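2 protein chains.
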Amino acid sequence: MIEARHLRVFRAVAKTGSFSAAARRLGCTQPAVSQQMRALEQSVGTPLLVRTGREMRLTEAGESLARHAVGILAGLTAAEEELAAIAGLRAGRVRLVSFPSGNSVLVPTALAEMRAEHPAAQISLVEAEPPQSVEMLRAGDCEIALAFRYLDMPAAAAESAEDEWGDLVVRPLLTDRLVGLFPSRHRFAEEAQAGRPLEMAELAEEQWIAGCPRCRRHLVAVCEGAGFTPRIDFATDDYPAVAGLVGAGLGVAMLPELALESVHPKGVTFAEVRPAVRREVVALTLPDLARVPAVEAMLEQLVHAARR
Amino acid sequence: MIEARHLRVFRAVAKTGSFSAAARRLGCTQPAVSQQMRALEQSVGTPLLVRTGREMRLTEAGESLARHAVGILAGLTAAEEELAAIAGLRAGRVRLVSFPSGNSVLVPTALAEMRAEHPAAQISLVEAEPPQSVEMLRAGDCEIALAFRYLDMPAAAAESAEDEWGDLVVRPLLTDRLVGLFPSRHRFAEEAQAGRPLEMAELAEEQWIAGCPRCRRHLVAVCEGAGFTPRIDFATDDYPAVAGLVGAGLGVAMLPELALESVHPKGVTFAEVRPAVRREVVALTLPDLARVPAVEAMLEQLVHAARR
DNA sequence: TGTCGACTATAAGCACTCCTTAGGGTTAAG
DNA sequence: CTTAACCCTAAGGAGTGCTTATAGTCGACA
Chain A
1 MIEARHLRVF RAVAKTGSFS AAARRLGCTQ PAVSQQMRAL EQSVGTPLLV
51 RTGREMRLTE AGESLARHAV GILAGLTAAE EELAAIAGLR AGRVRLVSFP
101 SGNSVLVPTA LAEMRAEHPA AQISLVEAEP PQSVEMLRAG DCEIALAFRY
151 LDMPAAAAES AEDEWGDLVV RPLLTDRLVG LFPSRHRFAE EAQAGRPLEM
201 AELAEEQWIA GCPRCRRHLV AVCEGAGFTP RIDFATDDYP AVAGLVGAGL
251 GVAMLPELAL ESVHPKGVTF AEVRPAVRRE VVALTLPDLA RVPAVEAMLE
301 QLVHAARR
Chain B
1 MIEARHLRVF RAVAKTGSFS AAARRLGCTQ PAVSQQMRAL EQSVGTPLLV
51 RTGREMRLTE AGESLARHAV GILAGLTAAE EELAAIAGLR AGRVRLVSFP
101 SGNSVLVPTA LAEMRAEHPA AQISLVEAEP PQSVEMLRAG DCEIALAFRY
151 LDMPAAAAES AEDEWGDLVV RPLLTDRLVG LFPSRHRFAE EAQAGRPLEM
201 AELAEEQWIA GCPRCRRHLV AVCEGAGFTP RIDFATDDYP AVAGLVGAGL
251 GVAMLPELAL ESVHPKGVTF AEVRPAVRRE VVALTLPDLA RVPAVEAMLE
301 QLVHAARR
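Chains as they are written, first to last, in the UniProt record's numbering: chain A, 1 to 308; chain B, 1 to 308.
Here you go:
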């Protein structure tokens, strides 16, 4: 088995024509070169060099190996340089999966900063809701998945338990509150405008507009924690659409702050609800991927962007 | 520095998708693979694999390295195969330098046997007289040089001293006698025909026809050892020409037996001369080259052919 | 749900490799 | 004849790599 170290030494010897010169070039002592060459000759089974007092010549086998060594060592250094580029963030790819409400503000600013600091990194972005995004992460279809979980849940809700993410690396980004959305003509709108928090229990008779399936399940759980089952008339994972429906007077809704940052619907009044419900937004990745430089840097930009 | 061993292990892991399977394929234990991969990841500075319980996937850096590894390992095995071919005499080149009288019988039969045993070996033949052939050997222009030296020389002749070949490898092939050549009409021809050996001293008054410069010097030394200085009228290194000149009655000569094997001149009578003069034909090579398989085999064929 | 089988990571021990220093022999130049 | 440069060999110490043994984890199957 020819080893790369052998070839590096052999090339130096072939180029300089001397063991001592090769040793100087390689930064080691001459006996080291001598031993390496002997080992190489033994491993290939035939002499490679002719020691003739004054000069050092190659045998036919030596010429042959020298020819091959050029390509092999070129390939090795090319590989090393490419990997060094990835490790040094002069290259590298990160596939990011995010849920829609994260895409509005958080992800764009993080991407902008990433682009500014590491222009060569290639970032791709795909939209997917949490259950699916984690699946993609485990399947190797992305490096980072943005997800969220609801805090302050009734103890009965086992869905958002501690080990929902299992062995994934969890980087908390931010926690945002859920706020209530009412049509401006709604009977609670004026009180909300005045700053009075609404009790969930007061909303037992309202018609509800829900978000994505997961958000919908969460809404049901929260309402049942407050003692009633919500009447859900519409459900869509398009947040602006939810706000639009509320503005049209078709019902009330509860959306995370983050989703509303870039939404300014007409005829909608926001209200704080009690008991407070918070949502934690996190970035997820696999333990090994967390050590990939490009992934590491992207995570860093995400937590930075989350601090506004 | 990426080492070849790393790449071999990495390729096995990438192909099988498992450390254990790679270990089985490589014929070692699983911890060995585990350690090698960790060392490789550390040396390139970024993770190459994603361990996700069930399966083993490559990171971007891993994919990159896998791409490069194909070419690098292909180059390595190509080099190993080519060197193995040279070492196994399925390839290999031997450049042989011989003097003219060796080319007539000895070298052709040796080449024929070499061709028969190792058809793939490429043998080239160049003609040169001993002083020059040794020079070519030292200059790297050939692998084997055929040469000769005279035995039974007067002690004064230091030229053919022990260290004429210095540190070269000397393989004795054969020793042939020098025989006298006389025109058949010569006064000694009849006695020679009867088998009476001629004394050198009897030839003091003859006209001589000499061979190559070296042979000529030797002739002078031998004659002076016998008490006279030869009168040399012609000198040529073409042995058939020497014999032809003798046959034409232009003088006497002394040629090695070997040179006469393929020469059957008309009008020439051979005679044994006293004191007997012998010539030793040897094959020379450099110590390192003596271990090159093709050179080794060619030397073997030469000594074999020398035994008729 | 519990157990079994397969996989990986880690630790300790041992052999081997590799590099160094030290010393000797040879060759070419001053 | 001396010097300098080169190569080889030998011996010692540091490091690498492999092995066995052990623990932990995941998925399958009853």
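We put the CB at the ideal spot given by N, CA and C, even for glycine. For clarity, every value in this text was computed on a predicted model and none was experimentally measured.
Against chain B, the beta carbon of Val292(A) has neighbours under 8 Å at Thr46, Pro47, Thr59, Glu60, Ala61, listed in chain order.
Chain-order list of chain A residues neighbouring Ala12(B): empty, with the shortest C-beta distance near 14 Å, by a criterion of under 7 Å. Assigned with DSSP and collapsed to three states, Pro265(A) falls in coil, not helix or strand. Pairing Met114(B) with Ala66(B), the inter-Cα distance amounts to about 44 Å.
Looking at the DSSP output, Thr52(A) shares a beta bridge with Glu55(A). Under the three-state reduction of DSSP output, Phe148(A) falls in the strand class.
Among the residues of the region 86-114 of chain B, those with a Cβ less than 7 Å away from any Cβ of chain A are Ile86, Ala87, Gly92, Arg93, in the order of the chain. Two segments are said to touch when three or more pairs of C-beta atoms, one from each, lie closer than 8 Å; by this definition the region 92-101 of chain B does not touch the region 65-81 of chain A.
Per DSSP, the beta-bridge partners of Trp208(B) are Ile232(B), Val252(B).
Along the region 115-140 of chain B, going in chain order, the ones with a CB nearer than 8 Å to a CB of chain A are Arg138, Gly140. Exposed is the label assigned to His264(B), since fewer than 16 other Cβ atoms lie within 10 Å of its Cβ. Closer than 8 Å to the CB of Gly17(B) there is not a single CB belonging to chain A.
Using a CB distance cut-off of 8 Å, Ala78(B) counts as an interface residue toward chain A. For Leu26(B), the uninterrupted alpha helix (DSSP H) run begins and ends at 19-26, by DSSP. If you check the CB distance, Leu258(B) and Ala110(B) do not come in under 8 Å. Counting the other CB atoms within 10 Å of its CB gives Asp233(A) a total below 16, which places it among the exposed residues. The three-state secondary structure of Ile123(B), taken from DSSP, is strand. Taken through DSSP and simplified to helix, strand or coil, Leu219(B) comes out as helix. Put simply, the CB of Ala4(A) is near chain B, with a gap under 8 Å to one of its CB atoms.
Put simply, the CB of Val33(B) is far from chain A, with every gap to its CB atoms at 8 Å or more. Using a Cβ-Cβ cut-off of 9 Å, Arg51(B) is close to Leu286, Pro287, Asp288 of chain A, given in chain order. Bounds of any alpha helix (DSSP H) do not take in Arg307(A), whose DSSP letter is neither H nor E.
The residue among Val292(B), Glu280(B), Glu202(B) with its C-alpha nearest the C-alpha of Arg274(B) is Glu202(B).
Residues of chain B with a Cβ closer than 8 Å to the Cβ of Ser64(A) are, in chain order, Ala79, Glu82, Leu83, Ile86.
Within chain B, the residues placing a beta-carbon under 8 Å from that of Ile72(A) are Ile72, Gly75, Leu76, Ala79, ordered along the chain.
Residue state for Arg115(A) is assigned as helix, using DSSP reduced to three classes. Under a 10 Å Cβ-count criterion, Leu151(A) is classified as exposed, with fewer than 16 other Cβ atoms of the shown protein chains found around its own Cβ. Per DSSP, Ser104(B) is not a residue of any beta strand (DSSP E), being assigned neither H nor E. Within chain A, no C-beta atom comes nearer than 9 Å to that of Met37(B); the closest sits roughly 11 Å away. Within chain B, no residue has its beta carbon less than 8 Å from that of Met298(A); the closest one is some 13 Å off. Proximity of the region 166-177 of chain A to the region 281-297 of chain A meets the contact definition, three or more beta-carbon pairs being nearer than 8 Å. Just measuring C-alpha positions, the residue of Glu129(B), Phe10(B), Glu60(B), Val33(B) sitting nearest Val282(B) is Glu129(B). DSSP, read as helix, strand or coil, puts Val282(A) in strand. Residues of the same chain with a CB within less than 8 Å of the CB of Pro240(B), apart from the 5 flanking positions on each side, are Val263, Pro265 in chain order. For Met56(A), no Cβ of chain B is located within less than 8 Å of the residue's own Cβ. When only Cα atoms are considered, Arg308(A) and Ala221(A) end up about 31 Å apart.
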